[in-house]
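Numbering (our numbering), first residue to last: 504 to 676. For glycine and all other residues, C-beta sits at the position ideal for the given N, C-alpha and C. Being a predicted model, the structure only gives us computed values, none of them experimental. Right, one structure below, let's go through it.
Spelled out as structure tokens, the structure:
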């Protein structure tokens, strides 16, 4: 079995296990307060997305890999348009979480631990497979699992608050 096939099977297993996590199994039963607290804590991860990718870019050797990550960072903060964090704030305000509530919140210990662990995924190492390891980690943790998480979040925000994909600036797109 080739490397890409093994990697794909590994990702598929991660996705399956991700959806089987008790938090997501019971996601639709979260209290309104718990759901909003979860979304505010996710705000802190979003705030660290660009610095996380920048940290990875600085350690990469492969020019094509750097270009891919730089494009993702540019998409996060487009010139002449709202950043993804501004879009996130707009969606949070739509569902009833004020800008002040988000901006004055503090990350919990588990949120800070998640940020630390995500940064560890891209810590530079003088390793011949560094670029492959980092690109794989960012693909999985920064793209795939986020999209899989939103398979739970988007329908719940629509069901509870009427944040339809057409109205959403952040979660649905």
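Less than 8 Å separating the beta-carbons of residue i and residue j?
i: residue 561; j: residue 618; result: no
i: residue 634; j: residue 564; result: yes
i: residue 559; j: residue 641; result: yes
i: residue 643; j: residue 547; result: no
i: residue 522; j: residue 651; result: yes
i: residue 666; j: residue 598; result: yes
i: residue 611; j: residue 549; result: no
i: residue 508; j: residue 590; result: no
Helix, strand or coil, according to DSSP, for residue i in the structure here?
i: residue 669; result: coil
i: residue 609; result: coil
i: residue 577; result: helix
i: residue 600; result: coil
i: residue 504; result: coil
i: residue 563; result: coil
i: residue 627; result: coil
i: residue 447; result: The shown model of the chain, from 504 to 676, leaves out residue 447, and the question about it has no answer.
i: residue 525; result: helix
i: residue 639; result: helix
i: residue 498; result: Any property of residue 498 remains undetermined from this structure, which presents the chain solely from 504 to 676.
Straight-line CA distance for residue i to residue j?
i: residue 519; j: residue 544; result: 23 Å
i: residue 686; j: residue 581; result: Outside the modelled stretch of the chain, which goes from 504 to 676, sits residue 686, for which no answer is possible.
i: residue 653; j: residue 646; result: 11 Å
i: residue 514; j: residue 637; result: 15 Å
i: residue 631; j: residue 540; result: 41 Å
i: residue 572; j: residue 566; result: 10 Å
i: residue 655; j: residue 674; result: 11 Å
i: residue 600; j: residue 557; result: 29 Å
i: residue 553; j: residue 624; result: 14 Å
i: residue 607; j: residue 532; result: 27 Å
i: residue 536; j: residue 505; result: 46 Å
i: residue 678; j: residue 511; result: Residue 678 is absent from the model: the chain starts at 504 and stops at 676.
i: residue 530; j: residue 578; result: 29 Å
i: residue 639; j: residue 628; result: 15 Å
i: residue 604; j: residue 542; result: 11 Å
Looking at the C-beta of residue i, does it have a partner C-beta in chain C at a distance below 8 Å?
i: residue 666; result: Note that chain C does not occur in the displayed structure, where there is just one protein chain.
Across the region 589 to 606 and the region 656 to 669, are there enough close Cβ pairs to call them in contact, namely three or more that are closer than 8 Å? With a cut-off of 8 Å, the region 656 to 669 and the region 589 to 606 count as touching, because enough Cβ pairs lie within range.
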